[in-house]
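Chemist: Taken in order, these protein sequences are the chains called A and B. Count the first sequence with the working numbering and you get residues 86 to 346, in order. Count the second sequence with the working numbering and you get residues 86 to 346, in order. Structure provided below as structure tokens; questions to follow.
2 protein chains.
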Amino acid sequence: MRWLKFTASGKTSWGIIEGDQVIAVEGDPFSEWRRTSRTHPLDEVKIELPLIPRTFYCVGLNYLKHLKEAADKAGTVPAVPDRPEIGYRAQNALIAHDEDVVIPAIATEKIHYEGELVVVIGKKVKHLTEANAMACVFGYTIGNDVSERSWQKADRSLWRSKNADTFKPMGPWIETDADLARMETIVRVNGRETNRFRTNDMIFGVVPFLVELTKYFTLWPGDVIWMGTDGASPDIKHDDVVEIEISGVGTLRNRFVREGR
Amino acid sequence: MRWLKFTASGKTSWGIIEGDQVIAVEGDPFSEWRRTSRTHPLDEVKIELPLIPRTFYCVGLNYLKHLKEAADKAGTVPAVPDRPEIGYRAQNALIAHDEDVVIPAIATEKIHYEGELVVVIGKKVKHLTEANAMACVFGYTIGNDVSERSWQKADRSLWRSKNADTFKPMGPWIETDADLARMETIVRVNGRETNRFRTNDMIFGVVPFLVELTKYFTLWPGDVIWMGTDGASPDIKHDDVVEIEISGVGTLRNRFVREGR
Numbered sequence: 086m087r088w089l090k091f092t093a094s095g096k097t098s099w100g101i102i103e104g105d106q107v108i109a110v111e112g113d114p115f116s117e118w119r120r121t122s123r124t125h126p127l128d129e130v131k132i133e134l135p136l137i138p139r140t141f142y143c144v145g146l147n148y149l150k151h152l153k154e155a156a157d158k159a160g161t162v163p164a165v166p167d168r169p170e171i172g173y174r175a176q177n178a179l180i181a182h183d184e185d186v187v188i189p190a191i192a193t194e195k196i197h198y199e200g201e202l203v204v205v206i207g208k209k210v211k212h213l214t215e216a217n218a219m220a221c222v223f224g225y226t227i228g229n230d231v232s233e234r235s236w237q238k239a240d241r242s243l244w245r246s247k248n249a250d251t252f253k254p255m256g257p258w259i260e261t262d263a264d265l266a267r268m269e270t271i272v273r274v275n276g277r278e279t280n281r282f283r284t285n286d287m288i289f290g291v292v293p294f295l296v297e298l299t300k301y302f303t304l305w306p307g308d309v310i311w312m313g314t315d316g317a318s319p320d321i322k323h324d325d326v327v328e329i330e331i332s333g334v335g336t337l338r339n340r341f342v343r344e345g346r
Numbered sequence: 086m087r088w089l090k091f092t093a094s095g096k097t098s099w100g101i102i103e104g105d106q107v108i109a110v111e112g113d114p115f116s117e118w119r120r121t122s123r124t125h126p127l128d129e130v131k132i133e134l135p136l137i138p139r140t141f142y143c144v145g146l147n148y149l150k151h152l153k154e155a156a157d158k159a160g161t162v163p164a165v166p167d168r169p170e171i172g173y174r175a176q177n178a179l180i181a182h183d184e185d186v187v188i189p190a191i192a193t194e195k196i197h198y199e200g201e202l203v204v205v206i207g208k209k210v211k212h213l214t215e216a217n218a219m220a221c222v223f224g225y226t227i228g229n230d231v232s233e234r235s236w237q238k239a240d241r242s243l244w245r246s247k248n249a250d251t252f253k254p255m256g257p258w259i260e261t262d263a264d265l266a267r268m269e270t271i272v273r274v275n276g277r278e279t280n281r282f283r284t285n286d287m288i289f290g291v292v293p294f295l296v297e298l299t300k301y302f303t304l305w306p307g308d309v310i311w312m313g314t315d316g317a318s319p320d321i322k323h324d325d326v327v328e329i330e331i332s333g334v335g336t337l338r339n340r341f342v343r344e345g346r
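The following block contains the structure:
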């Protein structure tokens, strides 16, 4: 099932995508809901951010090629993590599919994309096991972990390099039936492919992360875990359009514009 | 004005504290509200977490003594930050005044408190200036940035050391009329004073942080900024009660219990 948050005729609600139509739903997928008789053509609705997570989790280094490229740039030896560790991103930075990433006027040219699988949590859970972990996953969406690399290098934390307003596009919808093992992530800049990797080739996969996180944290419905990215990005310039496709999930597309241009 | 989120007679709402009474309010302080005729004695209501912030900001190193003690323990030279930088904490970890901090069974004995002033944002703002920054501040509350120091040392990030469930007590209420310049932070363990510092003796104060953050971030009503702590903490043990008082704001009190004890 494909869940879309959308606006049509001035009304924002959840809906289910069937073919090229959206069936509006009353309620929300995390609690009570029912189909209505209201439908809209998918290409005539405004796609909204699926949700604002209560806690916004994000894995830093979770793919070998990305790790190696980051180490090469820093002139260091890649240190492969020996256990799953999580980071955070900031809710202020979230935008929807087709909304613009605004590169701050004071940013350098080192603006990079990171195409990431996003795990959407559906249940309140703690102390998960390998056997039951996947039952808390509601579905998957797509994230672009936009980064300003000069700030990332200069700062003690990832605050502005990863969390400036509009730096976290997420969407376009939540797919509940996608198969992790068959997913491929493909990134295109202005229609030209720049990255391709098997989405599930993670150093630590979704299950180990869910087990490790819930030793310490309660996960809540609507929490998201961004699973990291592989490979590297060219510098993204004003007016470039970045598309991140994950097979079986969808394609997240956002234009980048420089503030004041 | 002193704003309290509370539960009485099975109903949770906002209220205003006047003397030893709470006057229940319809609505919330960030939008429309009006007093009701319902009042309760303050000592008969359950004090709730004032809010769950949209984005949960927290300053790491913002007082000289804390910086020096952290550096001494690490065997390094204290590096005083040359500009304001922000970090994040996780919403899952928040608990209210008088709720228990649960030390995970797998944690070491190195459990420390950090008494912090919490700035509560009241308006949606960006690009603040020194002259207008304070106008976005709704009021102040108190936070205890509980930390497991062995994890903090062992991990690449602050994920479990600072964000395990119950590690972020916040409250008891929001005070809108407190005067930063006159505040003193006093910490007591089981009634015995263990720390005292001038709350506003920050390396970077509230105004520089608001100006710097809003170069990059939109702040939203209900966002919180924890401003860091001074000094050090003894190891907190099962059944210890930690109180953090900030003059003009109030006292946040929480018992620490070890999981499974």
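Note that beta-carbon positions come from the ideal geometry of N, C-alpha and C, so glycine has one too. Bear in mind the structure is a predicted one, so any value in this text is a computation, not a measurement.
Is residue 282 of chain A helix, strand or coil when you go by DSSP?
Modeler: Counting from 1 along the first sequence, the entry for residue 282 of chain A is found at position 197. Note: residue 282 of chain A maps to strand in three-state DSSP.
Chemist: Start and end of the alpha helix (DSSP H) containing residue 245 of chain B?
Modeler: One-based indexing of the second sequence puts residue 245 of chain B at position 160. Segment 244-248, the alpha helix (DSSP H) holding residue 245 of chain B.
Chemist: Going residue by residue through the region 272-336 of chain B, where are the continuous alpha helix (DSSP H) segments of at least 4 residues, counting only ones entirely within it?
Modeler: Listed in chain order, the complete alpha helix (DSSP H) runs (minimum 4 residues) inside the region 272-336 of chain B are 291-298.
Chemist: Along the chain, which unbroken stretches of the alpha helix (DSSP H) at least 4 residues long are found entirely within the region 147-222 of chain B?
Modeler: You should have 149-159.
Chemist: Taking only the alpha-carbon atoms, compute the straight-line gap between residue 195 of chain B and residue 311 of chain B and give it to the nearest angstrom.
Modeler: The residue you call residue 195 of chain B lines up with position 110 of the second sequence. The residue you call residue 311 of chain B lines up with position 226 of the second sequence. Those two C-alpha atoms are separated by around 22 Å.
Chemist: If distances are taken between C-alpha atoms only, which option among B:345, B:333 and B:198 comes closest to residue 283 of chain B?
Modeler: On the second sequence, position 198 is the one that residue 283 of chain B refers to. Ranking the options by Cα distance to residue 283 of chain B, first place goes to B:333.
Chemist: How far does the beta strand (DSSP E) with residue 116 of chain B in it extend, from its first residue to its last?
Modeler: By one-based count along the second sequence, residue 116 of chain B stands at place 31. Run containing residue 116 of chain B: none; DSSP gives neither H nor E here.
Chemist: Between residue 250 of chain B and chain A, is there a C-beta pair that is closer than 8 Å?
Modeler: Indexing the second sequence from 1 puts residue 250 of chain B at position 165. Residue 250 of chain B counts as touching chain A.
Chemist: Hey, could you find the ends of the beta strand (DSSP E) residue 87 of chain B is sitting in?
Modeler: Numbered from 1 along the second sequence, position 2 holds the residue referred to as residue 87 of chain B. Counting along the chain, the beta strand (DSSP E) containing residue 87 of chain B begins and ends at 87-93.
Chemist: How close, in whole Å, do the beta carbons of residue 204 of chain B and residue 187 of chain B come, if the pair is a contact with beta carbons under 8 Å?
Modeler: For the purposes of this step, residue 204 of chain B is taken as the residue at position 119 of the second sequence. For the purposes of this step, residue 187 of chain B is taken as the residue at position 102 of the second sequence. Between residue 187 of chain B and residue 204 of chain B the Cβ distance is about 27 Å, and since that is not below 8 Å, they are no contact.
Chemist: Listed from N- to C-terminal order along the chain, which residues in the region 226-258 of chain B have their beta-carbon within a distance smaller than 8 Å of any beta-carbon of chain A?
Modeler: If the cut-off is 8 Å between Cβ atoms, the region 226-258 of chain B has 240, 241, 242, 244, 245, 248, 249 and 250 near chain A.
Chemist: Could you give the residue range of the beta strand (DSSP E) that holds residue 141 of chain A?
Modeler: Here residue 141 of chain A refers to the residue found at position 56 when the first sequence is read from its first residue. From DSSP, the beta strand (DSSP E) with residue 141 of chain A extends over 141-143.
Chemist: Do residue 225 of chain B and residue 357 of chain B come within 8 Å of each other at the CB atom, strictly closer than that value?
Modeler: Absent from the structure is residue 357 of chain B, since the part of chain B shown begins at 86 and ends at 346.
Chemist: Return helix, strand or coil for residue 260 of chain B, following the three-state DSSP convention.
Modeler: As a position in the second sequence, residue 260 of chain B is number 175, starting the count at 1. Residue state, collapsed to three classes: strand.
Chemist: State yes or no: is the C-beta of residue 336 of chain A within less than 8 Å of the C-beta of residue 230 of chain A?
Modeler: Counting from one through the first sequence, the residue named residue 336 of chain A turns up at place 251. Counting from one through the first sequence, the residue named residue 230 of chain A turns up at place 145. No, Cβ-Cβ distance for residue 336 of chain A and residue 230 of chain A is not below 8 Å.
Chemist: What did DSSP end up calling residue 123 of chain A once you bin it into helix, strand or coil?
Modeler: Sequence index remark: in the first sequence, residue 123 of chain A carries index 38 (1-based). Three-state result, residue 123 of chain A: strand.
Chemist: So, at 6 Å on beta carbons, what are the nonlocal neighbours of residue 259 of chain B in its own chain, with the 5 sequence-adjacent residues on each side left out?
Modeler: Your numbering for residue 259 of chain B matches position 174 in the second sequence. Contacts found: 88, 135, 205, 224 and 226.
Chemist: Check whether chain B comes within 8 Å of residue 172 of chain A, counting only Cβ atoms and requiring the distance to be less than that.
Modeler: Start at 1 with the first residue of the first sequence, and residue 172 of chain A comes out as number 87. Chain B, which has a Cβ nearer than 8 Å to the Cβ of residue 172 of chain A, makes this yes.
Chemist: State the beta-bridge partners of residue 106 of chain A as determined by DSSP.
Modeler: For the purposes of this step, residue 106 of chain A is taken as the residue at position 21 of the first sequence. Beta-bridge pairing links residue 106 of chain A to A:103 and A:126.
Chemist: Of the choices A:124, A:97, A:142 and A:146, whose alpha-carbon is the least far from that of residue 317 of chain A?
Modeler: Here residue 317 of chain A corresponds to residue number 232 of the first sequence, with the count starting at 1. The candidate whose alpha carbon is nearest that of residue 317 of chain A is A:146.
Chemist: Within 10 angstroms of its Cβ, does residue 122 of chain A collect 16 or more other Cβ (buried), or is it exposed?
Modeler: Translated into positions along the first sequence, residue 122 of chain A becomes position 37. By the neighbour-count rule (16 or more Cβ atoms within 10 Å), residue 122 of chain A is not buried but exposed.
Chemist: With a threshold of 16 other CB atoms inside 10 Å of the CB of residue 151 of chain A, please say whether the residue is buried or exposed.
Modeler: Within the first sequence, residue 151 of chain A is the residue found at index 66, counting from 1. Buried.
Chemist: What did DSSP end up calling residue 340 of chain B once you bin it into helix, strand or coil?
Modeler: Locating residue 340 of chain B in the second sequence gives position 255, counting from the first residue. In this structure, residue 340 of chain B counts as strand in the three-state DSSP scheme.
Chemist: For residue 306 of chain B, count neighbouring C-beta atoms within 10 Å of its own C-beta (all shown protein chains included) and say buried if the count is 16 or more, exposed if not.
Modeler: By 1-based counting over the second sequence, the position of residue 306 of chain B is 221. Buried, because 16 or more other Cβ atoms sit within 10 Å of the Cβ of residue 306 of chain B.
Chemist: Leaving out the 5 sequence neighbours to the left and right, which residues in its chain are closer than 6 Å to residue 199 of chain B when beta-carbon positions are compared?
Modeler: Position 114 of the second sequence, counted from the start, is the residue given in the question as residue 199 of chain B. So the list reads 230 and 314, once near-sequence residues are dropped.
Chemist: Which same chain residues, not among the five before or five after residue 343 of chain A, have their C-beta less than 6 Å away from its C-beta?
Modeler: If you number the first sequence from 1, residue 343 of chain A lands on position 258. Closer than 6 Å at Cβ, skipping near neighbours: 188 and 323.
Chemist: In angstroms, rounded to a whole number, what distance separates the CA positions of residue 112 of chain B and residue 182 of chain B?
Modeler: Indexing the second sequence from 1 puts residue 112 of chain B at position 27. Indexing the second sequence from 1 puts residue 182 of chain B at position 97. Roughly 22 Å separates the two Cα atoms.
Chemist: Determine the direct distance from the alpha carbon of residue 101 of chain A to that of residue 91 of chain A, and round the result to whole angstroms.
Modeler: Translated into positions along the first sequence, residue 91 of chain A becomes position 6. Translated into positions along the first sequence, residue 101 of chain A becomes position 16. If I take the Cα positions, the gap works out to 10 Å.
Chemist: Within 10 angstroms of the Cβ of residue 212 of chain B, are there 16 or more other Cβ atoms? Answer buried if so, exposed if not.
Modeler: Translated into positions along the second sequence, residue 212 of chain B becomes position 127. Residue 212 of chain B is exposed by the Cβ-count criterion.
Chemist: Give a yes or no on whether 8 Å exceeds the smallest Cβ distance from residue 319 of chain A to chain B.
Modeler: Locating residue 319 of chain A in the first sequence gives position 234, counting from the first residue. Judged by the 8 Å Cβ criterion, residue 319 of chain A is not in contact with chain B.
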